[in-house]
Each structure stands twice: as C-alpha cells, then as structure tokens.
Amino acid sequence: MDLREEIKRLAEATLTNPSQFIVDVVASSRKGPKKILVVVDGDQGVTIDDCANLSRELSKAIDEMAIPDEHLTLEVSTPGVDQPLQLKRQYTKNIGRGLKVKLHEKTEEGKLMAVTDEKIVLTQQTGSGKKKEERTLEIQFSEIEKAFVLVSFK
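Here the working numbering is used: the first residue of the sequence shown is 648, the next is one more, and so on.
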C-alpha cells in the first residue's frame, strides 16, 4: 500500500464524528520534506478545532508507523471555495446552493435541488419580470468534469 492510501486509511479511522469524512489526501513529491495534505469535510461543516484534533491524532498515528527515512509535513484542511466537489456526499451537503458545473462540452450554472446515485438536478432561472422562467436540468455524474459551489454574498 502506498503512503497516500495508508494516510487516508489512518485519517478515516481517526475521525470520531460520523458526519465528517475524508475528501482527499494529497502527497507532494517536491524536494525536502514530503508534504501530506488531508482534506476533511462534514455534513454539518468542520471547525478549526476539528482540523486541529484530527491533525494531532493523525500525527501520533503516523509517528507510530515509523516510516524509515521519511520526513513528513502534515497539513489538515477543509476544501476551499476554489476546490471542486469530489464526492457525492459533498453534493448532498450543498443542496440548495448555486453550482457551476463544467461538463465535457459546456458549462451550466444553477441551484442544486437534488442528488441521486447517478445524477444531480439543477434549476435555472431565465428571463426577468413576467418573462421569468425556471427550467430543470438533470446532469449525470459521468458527464461532470468539475463542479464548484458558487459563493453568494446576498
């Protein structure tokens, strides 16, 4: 098993809150100490204390692994607004929010209304005033290249 997969397994085992989940583990391969980034999210969000606790517990577990000749820098973070959604669980968490979805051929924007195992459902508003219309768009997960939550300051 590679280091990234082992860290992911340890991180998942270390989480104590069942509403939290590991989104990704990224290992850099640049010179110097290897950097491991663990990205954690939660159905009700993740606090900075949650990240700190996971970092402490995961650091202990990594130290016990006694990896020979490895100097690791561990970072635990939540996905930022510039990070695409990666798991269906993240889509479900964001029902009711605006999404920008890059498909193979085009890009669509709309409000996320539903998530199933196979697809997402967006509603889009077109026109204004009396000519305002709403259309529903179903997008298969297999068609999605990337999807981002749109930040609204309204």
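Beta carbons: idealized from backbone N, C-alpha and C, even for Gly.
Between the region 722-739 and the region 757-767 there are three or more C-beta pairs closer than 8 angstroms, enough to call the two in contact. GLY743 sits exposed, since fewer than 16 C-beta atoms from the chains shown fall within 10 Å of its C-beta. Annotated three-state conformation of ILE695 is helix, per DSSP. VAL748 places its beta carbon less than 7 angstroms from that of ALA794.
The region 686-695 makes contact with the region 662-669: 3 or more CB pairs, one atom from each, lie closer than 8 angstroms. Taking a contact to require three or more Cβ pairs closer than 8 angstroms, the region 703-722 and the region 674-685 qualify as touching. Three or more beta-carbon pairs drawn from the region 748-757 and the region 784-794 are found closer than 8 angstroms, and the two stretches are therefore classed as touching. The DSSP assignment places complete beta strand (DSSP E) segments of no fewer than 3 residues inside the region 715-755 at 719-724 and 745-750, in order along the chain. Counted as a single uninterrupted DSSP element, the beta strand (DSSP E) harbouring THR770 occupies residues 766-773.
Excluding sequence positions up to five before and after ARG782, its CB lies within less than 8 angstroms of the CB of THR770, GLN771 and THR773, all in the same chain and listed in chain order. Judged by DSSP in its simplified three-state form, ALA761 adopts strand.
The closest CA to that of SER799, considering only LEU657, ALA674, GLY745 and THR663, is found on GLY745.
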